[in-house]
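> Chains as they are written, first to last, in our numbering: chain A, 20 to 337; chain B, 41 to 299. C-beta: ideal position from N, C-alpha, C; glycine also. Before I ask anything, let me first share the structure, which is written out below as structure tokens.
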Amino acid sequence: MSWRPNHTQSVFVLIAAVVAFPFFGGASATTVMALGGLYAIVAIGLNLLVGYAGKISFGHNAFMALGAYASGILTVTYDWSPLAAMLAATAGSGLVAFVIGAPILRVRGHYLAMITLAFAQIVIIVSTRWTEVTGGLTGIPGVPDFSILGFAFDTKQKMYYLIWFVTIVLFLLSFRIVDSRFGRALRALGAHEAAAASLGVDVVRCRIQIFVLSAVYAALAGSLYAHFLNYVNGTFFDLSVMIQLMAILVVGGIGTLWGPLVGAVLLVWVSHSLGSYAEYSQLIFGVLYGGALLFLPRGAVGEIAARLKGTGSRLRSG
Amino acid sequence: MTPSLLIDVQGLTKTFGGVTALDKVDFSVAPGRIAGLIGPNGAGKSTFFNVLTGVLPGNGGEIRFDGKRLNGLQPHARVRLGMVRTFQKIHPFHGMTVLESVMVGCHTRGGAGMLSAMLRLPAVKAEERRFREAAEAALAFVGLGRQAQAPADALPLGHQRLLQIACGLVTDPRVMLLDEPASGLDANETARLADLLIAIRAQGKTLVLVEHDMSLVMKICDQITVLSFGRRLANGSPDEVRRNPKVIEAYLGSGEHRA
Ligand SMILES: Nc1ncnc2c1ncn2[C@@H]1O[C@H](COP(=O)(O)OP(=O)(O)OP(=O)(O)O)[C@@H](O)[C@H]1O
Ligand SMILES: [Mg+2]
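So this is what it looks like as structure tokens:
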């Protein structure tokens with residue numbers, strides 16, 4: 020194949036597709052795609068952590084939960100404006116990530132995966148048991164529509180556009196991040212830690228920063244989720260969400276910038292098409308995950324890039 | 041401690057479980073010189089670099105760099121002070137181009153962080169431009185100017201060694217510690233490497249060279265330190281070391297003389 024779209028063309032097509040989708044897809048498909056956008060937001064951040072900095076978190080479902088609950092509680096119980104609640108929710112979750120990450124990321128090894136997994140289980144348990152604050156198993160109904168300066172995102176379609184606006188902004192920012200002093204340091208330490216440190220990269224600091232950023236993205240998605248469904252419930256964010264996020268990264272292409280986007284859209288559609296087979300969804304995600312690892316080790320995007328160019332490095336580096 | 045020494049190591053010790061890889065090693069080098077560090081396989085040369093640069097913690101001894109005590113400093117902090125090293129085993133940054141890899145070495149020359157990368161303000165763009173120019177100049181200097189856009193892990197070994205040197209050079213070091221830069225190079229490449237190292241020294245930089253290629257070491261080093269089983273066996277000018285019976289024995293004894 021001799022022609023391949025350049026970055027600007029690809030992004031243009033993406034934006035056109037996102038804008039046009041509700042007109043052709045219909046209401047229920049638009050809702051599915053909005054969900055895809057939410058997952059993409061989390062996956063974009065997680066990919067920077069896992070795919071570029073080489074650290075694994077099993078707790079990003081919990082950061083989504085923190086964002087969602089903080090937004091839900093602040094708007095419903097304390098009557099905050101959605102925007103103020105969202106800012107507080109994301110900042111607070113970033114702070115929690117810092118407190119967890121700062122000591123753990125100092126040590127070499129896969130402690131982050133273990134600690135975040137434990138943290139996530141605690142968050143989910145607390146969210147379903149601490150009834151006075153979180154509503155327990157009932158959750159928090161009546162979360163208001165999101166609004167900015169009096170403009171209310173009061174339909175699913177408006178929320179779809181808001182979510183995808185955020186998704187595309189974060190997607191484009193990820194290109195900037197990867198192609199920067201910070202991003203090069205991140206990729207270098209992901210490839211070989213001692214070699215990066217020996218060129219002056221403060222490995223611990225970079226890792227903490229990207230962990231916090233990825234947690235902030237997850238919390239932002241969680242907050243949007245609460246306003247999208249007008250409802251928060253701990254079961255939305257259980258371990259299966261984390262498994263889906265990992266499947267998104269692996270299927271889309273870990274360490275590629277388009278991977279999280281492509282993976283998220285693919286996965287929400289798989290999930291949606293399962294319909295009445297939903298009880299098997301864990302199994303199916305597991306099979307997808309394993310199948311991708313075996314047959315598409317570079318993920319869909321990595322594989323396509325390799326076919327088009329002979330190596331995956333162009334898309335990986337943005 | 042004489043201030044005229046750039047690196048002054050006293051009694052450096054490193055053990056791995058029961059193995060004493062470095063046994064109270066003294067080592068020093070004055071600015072602007074090329075110091076050789078030689079010894080049979082397993083003598084502790086790479087370990088010496090690892091402890092000197094902070095990649096591994098030591099078990100004893102003192103490291104002074106331009107009079108400042110380095111013990112306990114993180115590797116990246118030592119780079120900021122002007123000490124950079126290359127690795128015996130190459131570690132290309134997978135997924136990055138040659139140019140990007142060298143730009144990693146520019147890290148300590150700037151300050152743009154994660155948020156400024158996202159905002160990409162004019163100051164950040166200017167910094168990127170400076171980095172790119174410095175990296176391109178370093179690549180041209182080592183002779184990899186044309187490989188700038190190649191994936192870093194696609195370079196042949198000889199070029200990987202040059203790439204490591206370019207990465208080190210852009211950190212603007214006062215001393216470069218080179219761990220077997222000639223291993224895997226053919227005679228032509230080694231000759232060019234010798235010229236390159238002499239050119240780097242001519243820029244006022246100090247070099248410490250770990251090498252098995254004796255003709256290279258004898259040709260360009262001002263002083264040579266010999267390690268054997270973690271101990272300093274000899275230290276002096278190339279001629280002194282060459283004639284030292286203990287050195288001859290260590291090398292013949294282990295059958296390691298590859299000249
Ligand atoms: N990370 C490590 N863990 C355990 N033992 C180690 C480690 N690094 C080095 N050693 C041991 O320390 C001793 C010195 O090894 P080192 O790599 O420093 O030798 P060297 O002089 O660089 O040898 P070569 O010329 O083969 O590169 C060897 O016995 C080696 O097995
Ligand atoms: Mg060695």
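#1: Would you mind listing the beta strand (DSSP E) stretches within the stretch 213-245 of chain B that are 3+ residues and don't spill past its ends, in chain order?
#2: Determine the burial state of phenylalanine 191 (chain B): buried for a count of at least 16 other Cβ atoms within 10 Å of its Cβ, exposed for fewer.
#3: Return the CA-CA distance between glutamine 28 (chain A) and serine 100 (chain A), expressed in angstroms with no decimal places.
#4: How about threonine 87 (chain B): is its Cβ closer than 8 angstroms to a heavy atom in ligand 1?
#5: Does chain A have any CB closer than 9 angstroms to the CB of valine 124 (chain B)?
#6: At a CB distance below 7 angstroms, what residues from the stretch 195-210 of chain B approach chain A? Give them in sequence order.
#7: With a cut-off of 8 angstroms, do at least 3 Cβ pairs link the stretch 266-279 of chain A to the stretch 65-72 of chain A?
#8: Out of A:Val188, A:Val145, A:Leu286, point me to the one whose CA is closest to methionine 261 (chain A)'s CA.
#9: Can you tell me whether glycine 305 (chain A) sits near ligand 4, meaning its C-beta is under 8 angstroms from at least one heavy atom of the ligand?
#10: To the nearest angstrom, how far is the alpha carbon of phenylalanine 138 (chain A) from that of phenylalanine 77 (chain A)?
#11: Determine, for leucine 232 (chain A), whether the minimum Cβ-Cβ distance to residues of chain B falls below 9 angstroms.
#12: Quick one: what's got a C-beta closer than 6 angstroms to valine 308 (chain B)'s C-beta in the same chain, skipping five residues either side?
#13: Strictly below 8 angstroms CB to CB, what residues from chain A border methionine 216 (chain B)?
#14: Hey, how far is the Cα of alanine 234 (chain B) from the Cα of glycine 185 (chain B)?
#15: Which residue marks the beginning of the alpha helix (DSSP H) containing aspartate 279 (chain B), and which one marks its end?
#16: So is glutamine 28 (chain A) in contact with chain B if we call contact Cβ pairs under 9 angstroms?
#17: Under 8 angstroms by Cβ, that's how I've got alanine 35 (chain A) and glycine 209 (chain A) pegged, so tell me the actual separation to the nearest angstrom.
#18: So, is lysine 245 (chain B) buried or exposed, given that buried needs 16 or more other C-beta atoms within 10 angstroms?
#19: Are the stretch 148-164 of chain B and the stretch 242-256 of chain B touching, with three or more C-beta to C-beta distances below 8 angstroms?
#20: For serine 332 (chain A), count neighbouring Cβ atoms within 10 angstroms of its own Cβ and tell me buried if that reaches 16, exposed if not.
#21: Please classify leucine 302 (chain A) as buried or exposed, where buried requires at least 16 neighbouring CB atoms within 10 angstroms.
#22: Answer yes or no: the CB of leucine 267 (chain B) versus the heavy atoms of ligand 1, is any distance below 8 angstroms?
#23: Using a cut-off of 8 angstroms between C-beta atoms, extract the partners of phenylalanine 133 (chain B) located in chain A.
#24: Under a three-way DSSP split, which group does glycine 295 (chain B) fall into?
#25: Verify the contact flag: valine 250 (chain B), CB atom, against every heavy atom of ligand 1, threshold strictly below 8 angstroms.
#26: Bridge partners of glycine 7 (chain B), per DSSP?
#27: Going by C-alpha to C-alpha distance, which of A:Leu312, A:Ser233, A:Gly70, A:Val38 sits closest to alanine 81 (chain A)?
#28: Distance cutoff 9 angstroms, beta carbons only. Does glycine 153 (chain B) sit that close to anything in chain A?
#29: Check whether the Cβ of valine 320 (chain A) lies closer than 9 angstroms to any Cβ atom in chain B.
#30: So, for arginine 232 (chain B): in the same chain, excluding its five sequence neighbours on each side, which residues have a beta-carbon less than 8 angstroms away from its beta-carbon?
#31: Nearest chain A C-beta to valine 59 (chain B) closer than 9 angstroms, yes or no?
#32: What does valine 91 (chain B) touch in chain A if you count any residue whose Cβ is under 8 angstroms from its own?
#33: In its own chain, which residues sit with a C-beta less than 7 angstroms from the C-beta of alanine 266 (chain A), not counting the 5 before and 5 after it?
#34: For lysine 165 (chain B), count the other beta carbons within 10 Å of its own beta carbon; 16 or more makes it buried, fewer makes it exposed. Which is it?
#35: Find the residues of chain B that neighbour serine 76 (chain A), judging by a C-beta separation of less than 7 angstroms, and give them in chain order.
#36: Does any heavy atom of ligand 1 sit closer than 8 angstroms to the C-beta of glycine 82 (chain B)?
Quick look at the numbers:
#1: 215-219
#2: The count along the second sequence starts at 1 and reaches residue 191 (chain B) at position 151. One point to set straight first is that residue 191 (chain B) is proline, not phenylalanine, in the sequence displayed. Looking at its Cβ environment, which holds 16 or more other Cβ atoms inside 10 Å, proline 191 (chain B) is buried.
#3: Within the first sequence, the letter at position 9 stands for residue 28 (chain A). Within the first sequence, the letter at position 81 stands for residue 100 (chain A). Their Cα atoms are separated by approximately 38 angstroms.
#4: On the second sequence, position 47 is the one that residue 87 (chain B) refers to. Checking the Cβ of threonine 87 (chain B) against ligand 1 gives yes.
#5: Looking up residue 124 (chain B) in the second sequence gives position 84. Interface residue, yes.
#6: Cys207
#7: yes
#8: Counted from its first residue, the first sequence places residue 261 (chain A) at position 242. It is A:Leu286.
#9: With respect to ligand 4, the structure offers nothing, as its ligand set consists of ligand 1 and ligand 2.
#10: On the first sequence, position 119 is the one that residue 138 (chain A) refers to. On the first sequence, position 58 is the one that residue 77 (chain A) refers to. Their Cα atoms are separated by approximately 9 angstroms.
#11: Mapped onto the first sequence, residue 232 (chain A) falls at position 213. Yes, leucine 232 (chain A) counts as interfacial toward chain B.
#12: Because chain B spans 41 through 299 in this model, residue 308 (chain B) falls outside it and cannot be assessed.
#13: Counting from one through the second sequence, the residue named residue 216 (chain B) turns up at place 176. The premise fails here: methionine 216 (chain B) is roughly 11 angstroms from chain A at the closest Cβ pair, so nothing lies under 8 angstroms.
#14: One-based indexing of the second sequence puts residue 234 (chain B) at position 194. One-based indexing of the second sequence puts residue 185 (chain B) at position 145. Each residue's Cα considered, the two are about 19 angstroms apart.
#15: For the purposes of this step, residue 279 (chain B) is taken as the residue at position 239 of the second sequence. From DSSP, the alpha helix (DSSP H) with aspartate 279 (chain B) extends over 278-283.
#16: In the first sequence, residue 28 (chain A) corresponds to position 9, counting from 1. Chain B contact via Cβ: absent.
#17: In the first sequence, the residue the question calls residue 35 (chain A) occupies position 16. In the first sequence, the residue the question calls residue 209 (chain A) occupies position 190. Going by Cβ atoms, the distance from alanine 35 (chain A) to glycine 209 (chain A) rounds to 33 angstroms, so no, they are not a contact pair.
#18: The residue you call residue 245 (chain B) lines up with position 205 of the second sequence. Lysine 245 (chain B) comes out buried.
#19: no
#20: In the first sequence, residue 332 (chain A) corresponds to position 313, counting from 1. Low confidence applies to serine 332 (chain A): its pLDDT is 42, below 50, so where it sits in the model is not reliable, and the reading given next is rough at best. Buried: at least 16 other Cβ atoms inside 10 Å.
#21: In the first sequence, residue 302 (chain A) corresponds to position 283, counting from 1. Answer is exposed; the Cβ neighbour count stays below 16.
#22: By one-based count along the second sequence, residue 267 (chain B) stands at place 227. Checking every heavy atom of ligand 1 against the Cβ of leucine 267 (chain B), one is found closer than 8 angstroms.
#23: Within the second sequence, the letter at position 93 stands for residue 133 (chain B). The contacting residues are Arg206, Ala207, Ala210, His211, Ala214, Ala215.
#24: The residue labelled residue 295 (chain B) in the question sits at position 255 within the second sequence. Residue confidence is low: glycine 295 (chain B) scores 48 on pLDDT, short of 50, so the model does not pin down where it sits. Its coordinate-derived value is still stated next. Reduced to three states, the DSSP call for glycine 295 (chain B) is coil.
#25: Sequence index remark: in the second sequence, residue 250 (chain B) carries index 210 (1-based). Yes, ligand 1 has a heavy atom inside 8 angstroms of this Cβ.
#26: There is no way to answer for residue 7 (chain B), as the model of chain B reaches only from 41 to 299.
#27: Counting from one through the first sequence, the residue named residue 81 (chain A) turns up at place 62. When each option's Cα is compared against that of alanine 81 (chain A), the closest is A:Ser233.
#28: As a working mapping, residue 153 (chain B) is identified with position 113 in the second sequence. For glycine 153 (chain B), the answer is yes, since a Cβ of chain A falls inside 9 angstroms of its Cβ.
#29: The count along the first sequence starts at 1 and reaches residue 320 (chain A) at position 301. Not closer than 9 angstroms to any Cβ of chain B, the Cβ of valine 320 (chain A) fails to qualify, so no.
#30: Along the second sequence, one-based indexing puts residue 232 (chain B) at 192. Closer than 8 angstroms at Cβ, skipping near neighbours: Gly183.
#31: As a working note, residue 59 (chain B) is residue 19 in the second sequence. Closer than 9 angstroms: no.
#32: For the purposes of this step, residue 91 (chain B) is taken as the residue at position 51 of the second sequence. Within chain A, no residue comes near valine 91 (chain B); the closest Cβ sits about 13 angstroms away, beyond 8 angstroms.
#33: As a working note, residue 266 (chain A) is residue 247 in the first sequence. Only Leu286, Phe304, Leu307, Tyr308 meet the Cβ criterion.
#34: The residue you call residue 165 (chain B) lines up with position 125 of the second sequence. Looking at its Cβ environment, which holds fewer than 16 other Cβ atoms inside 10 Å, lysine 165 (chain B) is exposed.
#35: Counted from its first residue, the first sequence places residue 76 (chain A) at position 57. Those within 7 angstroms of serine 76 (chain A) in chain B number zero; the least Cβ separation is about 17 angstroms.
#36: Position 42 of the second sequence holds residue 82 (chain B). Correct: glycine 82 (chain B) has its Cβ closer than 8 angstroms to ligand 1.
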